Amino acid sequence: MTAETTTAAIPASIDDLEFVMISSSGSAVSETAPTRFRYQQRGQMLWGAYIGDTVQLGRFVGRRDGDELTICFAHKPIDGGEVILGTAQSVLRRGDDGKLYLDETFEKDGAPHLSACVESAPLALWPALDPARRSEPRLDGTSFVLQSSTASTVSETAPTRFEFSENSGIIWGHYFGDTVTGGRCVGRYRDGVLEEYFVHHVVATDATLLGDSTTAVKQLDDGRFELIEDFVLDGVPGYSVCVQLA
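In the numbering used here, each number is its position in the sequence shown, counted from 1, plus 364.
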């Protein structure tokens, strides 16, 4: 192994890179089928998916600041328990073997943990989602537009649009338009409330912001859904309403 290999720079983008877990204080790690993470990156914005070991299905969003990653996640345990929400702080580093590693401090349902992941060759094909695992309300494949918000004036001609997917109790999606270049969200629906984390790039300030929200899902008389959201964006609380497109 050459000095050049061991001191290779950490890439500015980890888009399409995959990592597998090698240790965790949260659970024993499978040697044959460890949890696998696939990252997507646009600028500072991160999002992705994870599967394997104790995880049936997982999704995450986050932000990259240099070699530090702030991640918010939701996953369905393989044992059939309810969807788990959590947050994590990870540091990218280059190991002596030349591979990329993620050293992570994370919180899972309020309990602190440590884990480590290493870069891995990507899977040729990730498993398809099982349509039988969709749940109520049927937000999978739905689209919404922002109707009002305390964070900004809403465009009448091009309001922010949200596209949602859902499986196994996890809800995730992307959004774009008006004041937002692009954004990603992930969360769970429980007891009539949608709990979400989100990240988006703001057009006016060229900033990538993280936030979280608690949203009541209301069904209108015409059968469409309305999302009534209390959110915190970059530490500032707000309120918004979105309506499903027909």
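We put the beta carbon where it would ideally sit given N, CA and C, even for glycine. It should be emphasised that the depicted structure is a prediction, and the values quoted were computed from it without experimental measurement.
*Contact between the region 421-432 and the region 448-458: three or more CB pairs below 8 Å?*
Three or more pairs of CB atoms, one per stretch, sit closer than 8 Å, so the region 421-432 contacts the region 448-458.
*For LEU478, the nearest candidate out of SER512, LEU591, GLY390 and ASP461 (CA to CA)*: If you number the sequence shown from 1, residue 478 lands on position 114. Cα-wise, what sits closest to LEU478 is GLY390.
*Buried or exposed: where does VAL550 fall if 16 or more other Cβ atoms within 10 Å of its Cβ makes it buried?*
The residue you call residue 550 lines up with position 186 of the sequence shown. Buried: at least 16 other Cβ atoms inside 10 Å.
*Pick helix, strand or coil for ARG423, following the three-state DSSP scheme.*
Taking the sequence shown and counting its residues from 1, one reaches residue 423 at position 59. Here ARG423 carries a strand assignment [DSSP, helix/strand/coil].
_Applying the 10 Å Cβ sphere with the 16-neighbour rule, what's the burial state of ILE435?_
Looking up residue 435 in the sequence shown gives position 71. Counting C-beta atoms within 10 angstroms of its own C-beta, ILE435 has 16 or more neighbours from the protein chains shown and is therefore classed as buried.
*asked:* Mapping the DSSP letters down to three states, classify ASP598 as helix, strand or coil.
replied: Position 234 of the sequence shown holds residue 598. Reduced to three states, the DSSP call for ASP598 is coil.
*For ARG554, does the count of other Cβ atoms within 10 angstroms reach 16, so buried, or fall short, so exposed?*
Position 190 of the sequence shown holds residue 554. By the neighbour-count rule (16 or more Cβ atoms within 10 Å), ARG554 is not buried but exposed.
*Using CA coordinates, which residue listed in GLU590, THR517, PRO495 and GLY450 is at the minimum distance from ALA475?*
Taking the sequence shown and counting its residues from 1, one reaches residue 475 at position 111. The candidate whose alpha carbon is nearest that of ALA475 is GLY450.
*Quick one: residues in its chain with C-beta nearer than 7 Å to the C-beta of ILE592, no 5 flanking neighbours on either side, listed in chain order?*
On the sequence shown, position 228 is the one that residue 592 refers to. Contacts found: THR579, ALA580, LYS582 and VAL605.
*How is ALA376 classed by DSSP in three states: helix, strand or coil?*
Within the sequence shown, numbered from 1, the residue matching residue 376 stands at position 12. If DSSP states are grouped into helix, strand and coil, ALA376 belongs with coil.
*Can you give, in chain order, each stretch of the beta strand (DSSP E) that sits fully within the region 557-593 and has at least 3 residues?*
Correct list: 557-566 and 572-583.
*According to DSSP, which residues form a beta bridge with THR434?*
The residue you call residue 434 lines up with position 70 of the sequence shown. Beta-bridge pairing links THR434 to ARG427 and GLN453.
*Check whether the Cβ atoms of ILE534 and ALA376 sit closer than 8 Å, and answer yes or no.*
Stepping through the sequence shown from its first residue, residue 534 is reached at position 170. Stepping through the sequence shown from its first residue, residue 376 is reached at position 12. Going by C-beta atoms, ILE534 is not nearer than 8 Å to ALA376.
*asked:* Could you compute how far the alpha carbon of GLN611 sits from the alpha carbon of ALA492?
replied: There is simply no residue 611 to check, as the chain begins at 365 and stops at 610 in what is shown.
_In whole angstroms, give me the CA-to-CA distance for TYR414 and GLU382._
Along the sequence shown, one-based indexing puts residue 414 at 50. Along the sequence shown, one-based indexing puts residue 382 at 18. Straight-line Cα distance between these residues: approximately 9 Å.
*Pick out the complete beta strand (DSSP E) segments inside the region 522-553, 3 residues or longer, and give them in chain order.*
Counting only runs of 3 or more, we get 525-531 and 534-541.
*Measure the C-alpha to C-alpha separation of ALA367 and HIS538 and round it to an integer number of angstroms.*
What you label residue 367 is simply residue 3 of the sequence shown in a count that begins at 1. What you label residue 538 is simply residue 174 of the sequence shown in a count that begins at 1. Unreliable placement is indicated for ALA367, whose pLDDT of 47 sits below 50; no coordinate value is reported for it.
*Separation of ILE378 from MET365, as counted between CA atoms*: The residue you call residue 365 lines up with position 1 of the sequence shown. The residue you call residue 378 lines up with position 14 of the sequence shown. Confidence at MET365 is low in this model, with a pLDDT of 44, below 50, so its placement is unreliable and no value can be given for it.
*Would you tell me roughly how many angstroms separate the C-alpha atoms of GLU468 and LEU584, rounded to the nearest one?*
The sequence position of residue 468 within the sequence shown is 104, counting from 1. The sequence position of residue 584 within the sequence shown is 220, counting from 1. Taking the CA atoms as reference points, GLU468 sits about 43 Å from LEU584.
_Integer-rounded CB distance, given that GLU530 should sit under 8 Å from ARG498_ = Start at 1 with the first residue of the sequence shown, and residue 498 comes out as number 134. Start at 1 with the first residue of the sequence shown, and residue 530 comes out as number 166. For ARG498 against GLU530, the beta-carbon gap comes to about 6 Å, under 8 Å, which counts as contact.
_Output needed for ARG355: all residues of its chain with C-beta closer than 6 Å, excluding positions within five of it in sequence on either side, in chain order._
Past the edges of the chain, shown from 365 to 610, lies residue 355, and the structure says nothing about it.
*Since ARG458 sits in a beta bridge, which residues does DSSP pair it with?*
In the sequence shown, counting from the first residue as 1, residue 458 sits at position 94. LEU464, per the DSSP bridge assignment.
_Sufficient close CB pairs (3 or more, under 8 Å) joining the region 480-489 to the region 500-507_ = They do not touch, by the three-pair rule.
*How many whole angstroms separate the CB atoms of ILE393 and ASP431, which I take to be in contact at a CB cut-off of 8 Å?*
Reading the sequence shown from its first residue, position 29 is the one you call residue 393. Reading the sequence shown from its first residue, position 67 is the one you call residue 431. Note that residue 393 is Val in the sequence shown, not Ile. About 23 Å; that fails the 8 Å criterion.
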